[in-house]
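Below is one structure; the comments refer to it alone.
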Amino acid sequence: MSDAADAQPQAGPVFFDRRELDQILRVYGRMVASGEWRDYAIVGHRDVAEFAVFRRSGDAPAYRIEKRPALRLRQGQWAVIGEGGVVLRRGRELAQVLRVFDSRRFTVVE
């Protein structure tokens, strides 16, 4: 006997495609050139892909750029998350979400 769940193909981890990674790495390169960021890590999980940036190696990530395809029809699959888990920007288009790094040195206002 076969279970219905067994008939479904297992999806692999979520990851960035080449265009998405190119956009993210452009922002990363600009921030490295300005001296704000020094390291990054890329992780692909079952439901989320994450690009984490660090001010110093070994620290907690300063920012995380997340791709969650399950949210693409709701609030958008892209998010920039700051220290402490604060969502700085969320949206459906990566370029729009990455604009949070363009304008200014930003701080979270409470």
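Position in the sequence shown (first residue = 1) + 109 = the working numbering. Every residue, glycine too, gets a C-beta built ideally from N, C-alpha and C. Since the structure is predicted, the reported quantities are computational estimates derived from the model, not experimental observations.
Drop a sphere of 10 angstroms on the beta-carbon of residue i, count the other beta-carbons inside from all chains shown, and report buried for 16 or more, exposed for fewer.
| i | result |
| --- | --- |
| LEU203 | buried |
| ARG165 | exposed |
| ALA142 | exposed |
| ARG173 | buried |
| GLN184 | exposed |
If I follow the unbroken alpha helix (DSSP H) through residue i, where does it start and stop?
| i | result |
| --- | --- |
| ARG128 | 127–142 |
| ALA239 | Since the displayed the chain opens at 110 and closes at 219, residue 239 lies outside it and no answer follows. |
Are residue i and residue j closer than 8 angstroms when you measure CB to CB?
| i | j | result |
| --- | --- | --- |
| ILE151 | GLU175 | no |
| TRP146 | VAL162 | yes |
| VAL136 | LEU207 | yes |
| ALA188 | ARG199 | yes |
For residue i, which residues from the same chain have a beta carbon less than 7 angstroms from its beta carbon, with the 5 sequence-adjacent residues on both sides left out?
| i | result |
| --- | --- |
| PRO170 | ALA161, VAL162 and PHE163 |
Sorted by chain position, which residues of the same chain lie with C-beta nearer than 6 angstroms to residue i's C-beta, five sequence neighbours on each side aside?
| i | result |
| --- | --- |
| PHE125 | ALA158 |
Identify the continuous beta strand (DSSP E) that holds residue i and give its terminal residues.
| i | result |
| --- | --- |
| LEU197 | 196–200 |
Residues in the same chain with beta-carbon distance under 8 angstroms from residue i, minus the five sequence neighbours each way, listed in chain order, please.
| i | result |
| --- | --- |
| ARG127 | none |
For this session: Determine, using beta-carbon pairs with one atom in the segment 172–180 and one in the segment 143–159, whether at least three such pairs fall under 8 angstroms.
Result: yes
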